[in-house]
Amino acid sequence: MGKPSTQDRKAVADTDAVSLHTNPGESSRDSYHDNDVLDTPETAVDDLPPNYDDALDSSEGASLLPPTFSSTPALPNTSAMAAQPNVADGAFFEDKSTGAQFWVAKSLEDPTRLESHIKQFAAIPPRPYMKLVGTHSETRKDSKGKTEKNTVTDFDISVELTPYLYSDARWHRSWTQLRTVDNGEKARRGTILQKRAPGSNQSIEVGGDPKPTLQEWCHLYGASHAGLKTFTLQRRMVGFDEELVKKRLRMLVNDTNYRGHVRVDLVTKGSLVECYNEARTNRWRLTTWIQWLFMLTLMFIFSWPYLWLRTKRWEVAIAEWPFSRMAEGGGKEYVSISEDQWYNMWGPAICKAVLGKRQCELSQSDLRSAHEAEPAFNTGNTTVNGALDIFRAGMSAMNEVNRHLGWGGDC
């Protein structure tokens with residue numbers, strides 16, 4: 036459980052970035068380079084990658100290995116890396132709003148078990164979403180003549196980006212890699228506060244010692260005698276031009292002549308996994324009703340500083356899921372589609388949802404309906420069919436009026 040020898044560190048120094056490709060073979064499609072000639076063609080709806088949840092459901096009970104005629108040997112433990120890990124002696128907690136996961140288990144104090152657990156979780160992607168929210172303020176007088184201002188949500192739309200972190204979601208092919216923090220990177224290294232490695236000063240490293248590997252960090256965690264400690268895995272989407280997409284989505288909303296307040300954010304769920312040592316205090320701190328009890332009785336004023344000062348944190352493992360990466364010949368290559376292709380694909384569906392004042396997560400059915408002609412109603416009753424056609428025409432007319440005269444302004 037102690038720190039590996041210096042010879043062991045040098046032997047593994049060059050193997051820090053652990054590739055978590057579950058690619059049995061090469062990507063099922065050619066990588067797109069941004070210096071290629073591209074007319075951002077429309078993508079056929081039938082060729083779209085499946086939703087992440089659909090891909091998981093369809094893969095249950097099915098082998099994750101490719102057909103037997105594949106000439107490339109499969110990597111070991113493919114199904115294990117894609118599966119949700121489980122700890123028999125552990126208590127599991129999850130934050131429903133952020134998707135953060137917390138484990139409390141005695142077995143995860145063992146370095147080998149902890150390393151295996153972290154690698155399995157690193158093979159599960161984060162859940163990034165592009166989220167658009169439009170609001171406006173309404174000022175009204177109540178029955179007593181007092182003026183009150185209320186915020187009204189006009190639309191709240193989100194689109195998941197997880198399927199585009201795979202070149203083939205059904206076979207879990209991706210470019211993900213698991214790495215540890217660099218010596219010059221500020222992080223909690225078994226400490227309370229973030230700090231750089233000894234002898235490192237931002238980008239300048241004195242002494243040139245290799246950074247610890249995941250195996251070494253797990254041994255350092257296991258050897259610690261701290262009463263409360265936690266080992267953290269961070270999952271990130273990288274290589275995504277967030278500002279470009281935000282700018283284009285704001286322009287799309289503005290083109291509908293919307294006059295309210297627009298907020299466009301990249302929200303990531305499931306980006307955090309924390310493994311705590313077995314301790315009654317750690318179980319209590321993650322139990323919902325105890326959290327509420329401490330909030331209502333204001334005991335958190337004393338408990339929060341205590342937990343913050345007592346807990347030693349190892350925030351040293353990072354799983355990076357590239358949306359794109361730098362190509363050898365310069366420029367970018369994309370694991371599935373580029374930001375422009377994503378926008379051209381989802382733009383019509385998002386515009387339709389904004390005008391429809393929807394508050395939901397868009398799915399592939401929304402994408403399909405935005406790219407296809409609306410089906411004609413046929414209920415078998417001409418009177419009902421006529422009424423539905425009139426209703427549809429009225430909604431279309433209202434959307435066109437909103438485009439010309441503006442909508443969603445403060446009042």
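Under my numbering, residues 36 to 446 are what the sequence shown spells out, in order.
Even for Gly, the Cβ is constructed at its ideal location relative to N, Cα and C.
**Prompt:** Who are the Cβ neighbours of G262 in its own chain at under 7 Å, not counting the five residues just before and after it?
**Reply:** A314 and R345
**Message:** With H, G and I counted as helix, E and B as strand and the rest as coil, what does DSSP make of T113?
**Reply:** The predicted position of T113 is uncertain, since its pLDDT is 32 and thus under 50; a value taken from the coordinates is nonetheless stated next. Reduced to three states, the DSSP call for T113 is helix.
**Request:** Please classify I336: is it buried, with 16 or more other beta-carbons within 10 angstroms of its beta-carbon, or exposed?
**Result:** exposed
**Request:** Could you spell out the range, first to last residue, of the beta strand (DSSP E) harbouring G225?
**Result:** R224 to T226
**CB-CB length for E173 against V187, believed under 8 Å** = 6 Å
**Request:** Within the segment 334 to 383, note down every full beta strand (DSSP E) run reaching 3 residues or more, in order along the chain.
**Result:** 346 to 357, 359 to 361 and 367 to 369
**Item:** Cβ separation of V122 and L321, assumed to be a contact under 8 Å, to the nearest whole Å
**Value:** Not quite, the Cβ-Cβ distance comes to about 14 Å (not below 8 Å), so this is no contact.
**Prompt:** If you draw a straight line from the alpha carbon of G225 to that of S404, how long is it in whole angstroms?
**Reply:** 51 Å
**Message:** Using the three-state DSSP reduction, which class does H254 fall into: helix, strand or coil?
**Reply:** helix
**Request:** Just confirm the distance between the C-beta atoms of Y311 and F137, as a whole number of angstroms; I'd bet it's less than 8 Å.
**Result:** 7 Å
**Request:** May I ask you to verify whether the segment 283 to 294 touches the segment 241 to 258, counting CB pairs closer than 8 Å and requiring at least 3?
**Result:** no
**Request:** Go ahead and pull the three-state DSSP assignment for A261.
**Result:** coil
**F156 burial status per 10 Å Cβ neighbour count (16 or more: buried)** = buried
**Item:** C-alpha gap between P163 and G180, whole angstroms
**Value:** 45 Å
**Asked** Would you call the CB atoms of W356 and V273 closer than 8 Å?
**Response** yes
**Prompt:** With a CB to CB cut of under 7 Å and the five nearest residues on each side skipped, what residues in its chain are close to H171?
**Reply:** V187, D189, G295, H296, G443, G444 and D445
**Item:** Residue(s) in a DSSP beta bridge with C446
**Value:** In DSSP, C446 forms no bridge with anything.
**Asked** Helix, strand or coil for F156 per DSSP?
**Response** helix
**Proximity winner among D244, A158 and E374, relative to W206 (alpha-carbon distances)** = A158
**Message:** When you compare the CB positions of K141 and D124, do they come within less than 8 Å of one another, or not?
**Reply:** yes
**Request:** Would you kindly check if the distance between the Cβ of G134 and the Cβ of G364 is under 8 Å?
**Result:** no
**Message:** Using only CA atoms, which one of W343, R214, T197 and D217 lies nearest to R208?
**Reply:** T197
**Request:** Grab me the residues of L397's own chain with a C-beta within less than 8 Å of its C-beta, minus the 5 sequence neighbours each way, in chain order.
**Result:** I192, S193, V194, W381, A384, I385 and A388
**Asked** What are the residues that DSSP puts in a beta bridge with E195?
**Response** Y164
**Prompt:** What separation, rounded to the nearest whole angstrom, lies between the Cα atoms of G169 and N292?
**Reply:** 12 Å
**Item:** Whether K166 touches T215 by CB criterion (8 Å)
**Value:** no
**Asked** Hey, how far is the Cα of R271 from the Cα of I353?
**Response** 7 Å
**DSSP-derived helix/strand/coil call for K282** = helix
**Message:** On the criterion of 16 or more Cβ atoms from any shown chain inside 10 Å, does P160 qualify as buried, or is it exposed?
**Reply:** buried
**Message:** Classify R348: buried if its beta carbon has 16 or more other beta carbons within 10 angstroms, exposed otherwise.
**Reply:** buried
**Item:** Within 8 Å, strictly: CB atoms of V302 and A222
**Value:** no
**CA-to-CA distance, N185 to D177, given in whole angstroms** = 12 Å
**Proximity to T265 [Cα-Cα], best of L213, R393, T316 and E374** = T316
**Prompt:** Between which two residues does the alpha helix (DSSP H) harbouring L402 extend?
**Reply:** Q399 to H406
**Q212: first and last residue of the uninterrupted beta strand (DSSP E) it sits in** = Q212 to T215
**Message:** With H, G and I counted as helix, E and B as strand and the rest as coil, what does DSSP make of L73?
**Reply:** Only weak support exists for where L73 lies, its pLDDT of 43 falling under 50; the coordinates are left without a value.
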